[in-house]
Structure formats: structure tokens, C-alpha cells
Amino acid sequence: HEKGIVLDEALRSKAEQWTSEAKTVIALADERKAWGVLAITDRLKPTSPKAIEELHKQGIEVWMLTGDQPEAAREVARQVGIAHYKAGVLPQEKAMFIQELQVKGKKVAMVGDGINDAPVLAGANVGAAMGSGADAAIEAADVVFMNAELTSVPKAIDIARETGSIAWQNVAFALGVKGVIMVAGLLGYASMWAAVFADTGVAMLCVLNSVRILYKKF
Numbered sequence: 413h414e415k416g417i418v419l420d421e422a423l424r425s426k427a428e429q430w431t432s433e434a435k436t437v438i439a440l441a442d443e444r445k446a447w448g449v450l451a452i453t454d455r456l457k458p459t460s461p462k463a464i465e466e467l468h469k470q471g472i473e474v475w476m477l478t479g480d481q482p483e484a485a486r487e488v489a490r491q492v493g494i495a496h497y498k499a500g501v502l503p504q505e506k507a508m509f510i511q512e513l514q515v516k517g518k519k520v521a522m523v524g525d526g527i528n529d530a531p532v533l534a535g536a537n538v539g540a541a542m543g544s545g546a547d548a549a550i551e552a553a554d555v556v557f558m559n560a561e562l563t564s565v566p567k568a569i570d571i572a573r574e575t576g577s578i579a580w581q582n583v584a585f586a587l588g589v590k591g592v593i594m595v596a597g598l599l600g601y602a603s604m605w606a607a608v609f610a611d612t613g614v615a616m617l618c619v620l621n622s623v624r625i626l627y628k629k630f
């Protein structure tokens, strides 16, 4: 209406209906009259709700930041099970929101695939980009998923947590064995072979303990 474009009653009714359904409405018009309207909506991947559910089970607080209209954002959030979202957000506002979470002491992982997501990916504690996304997002990200499935995110978190757990097991085991052999050596009970085991043997056992992650299914 600001540009003088007029919608007739039929087009206005259809546009209002689509808007209420959280669809983005575009008018096709000349300088004075609208000839038709189009509705655009996001097509969700069937695996997206499952991915969000898995993230919640992992204790991850999920936020959706989007530049879309509030109605569309609300509908997408409802369909995938996201409780927290912000709509109509500009790229710089996304970066500011990430900083606010970090100031509160939270570790933030950002997942995106667009050019506008690149600054936010660089500013997050962990930036993850989809392999099908823009080159700028891939360059700015710390992690790049080779597919466009959101289920890769909770799977990557499981792998990272398991890897960290095994690393700490190896550190504790290696230091424990070396400490015991060192004390035994000071008391005169440790032989040269015990020292070799504390060095090379423990290293081999730690490697074998790490290899088992290759056979674990996530």
C-alpha cells in the first residue's frame, strides 16, 4: 500500500490466509495493480525434528536465529520442536546475541550454511557449517559436515564427548602407571623392564584403548 499497489478482495483474502499459515507472501504487480500473489514456505527435512530431539536429550539448549518473519519462524520452531527462537534477525544481531550468551558463561556452537552466517560462525566457540553451504560459511567454520543433514550435529557431539572421555582415560592410566613405577623404582623394586613397560607398554595400551572408538556406532 505504501507504493500505491492495490490488492483486490480475492487476492487480499488469499494473502491473509497464507500469512496466517506462516507463509511468506509475494505480490506480482505493475505500478498500480497486483496481478497475483505467491506463497513461499520452508520445506523441512524429515530428519530435523529427530535431530532437535537428540540435542535436547544431550542437554543442549537450542536456539533458532532467522531473518524470516515471526509467523514463519514460529511455525518452523513448532514443527521441529524448538522452544527458543528469534525472528527478523539481521547478521550483526545474530553476532550480538551469540556474544550475550557467551557473556553469561555459556559455550555456544553455531550451525549455519549461508554467507550471512560467516561472521557468527567465526565468533562462536564452535562454528559448524554444512558442506552444501556457502564457501564463506565453510571458510569461517571450525567444523564442516560433509552432508546437509541436521542429524550430523548430535552425532558429532556424541563422537566428541566419547573422544574426550577416552583421552582422559588414557591420561589417567598413563600417569597412574608411571607414578607407581616411579615410586617402585625409588624403593628399589622396579627393574629396567618395568620402566620400559611404563614408557612403551603404556603408550601401546593407550593407542589400543583409543582404537576401540573406531568400532563404536553413533
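Everything in the sequence shown is counted per my numbering, starting at 413 for the first residue and increasing by one.
Even glycine gets a Cβ: it sits at the ideal position worked out from N, Cα and C.
DSSP places residue 599 outside both helix and strand once states are collapsed to three, so it counts as coil.
Counting along the chain, the unbroken alpha helix (DSSP H) around residue 462 starts and ends at 460-469. Cβ atoms of residue 554 and residue 540 come within 8 Å of each other, at about 7 Å. In the three-state reduction of the DSSP assignment, residue 524 falls in the strand class. Between residue 536 and residue 521, the CB-CB gap stays under 8 Å.
The Cβ atoms of residue 588 and residue 560 do not sit closer than 8 Å to each other. One thing to note: residue 451 has its Cβ within 8 Å of the Cβ of residue 435.
Annotated three-state conformation of residue 609 is helix, per DSSP. The beta carbons of residue 578 and residue 622 sit about 6 Å from each other, so the pair counts as a contact at 8 Å. Distances from the alpha-carbon of residue 531 to those of 504, 516, 515 and 509 put 504 closest. Rounded to the nearest angstrom, the gap between the Cα atoms of residue 605 and residue 627 is 32 Å. Here residue 549 is buried. Its C-beta has 16 or more other C-beta atoms within 10 Å.
When secondary structure is reduced to three states using DSSP, residue 452 falls in the strand class.
Residue burial is scored here from C-beta neighbours: residue 610 has at least 16 other C-beta atoms within 10 angstroms and is therefore classed as buried.
With 16 or more neighbouring CB atoms inside 10 Å of its own CB, residue 494 falls in the buried class. By the neighbour-count definition (other C-beta atoms within 10 Å, threshold 16), residue 497 is a buried residue.
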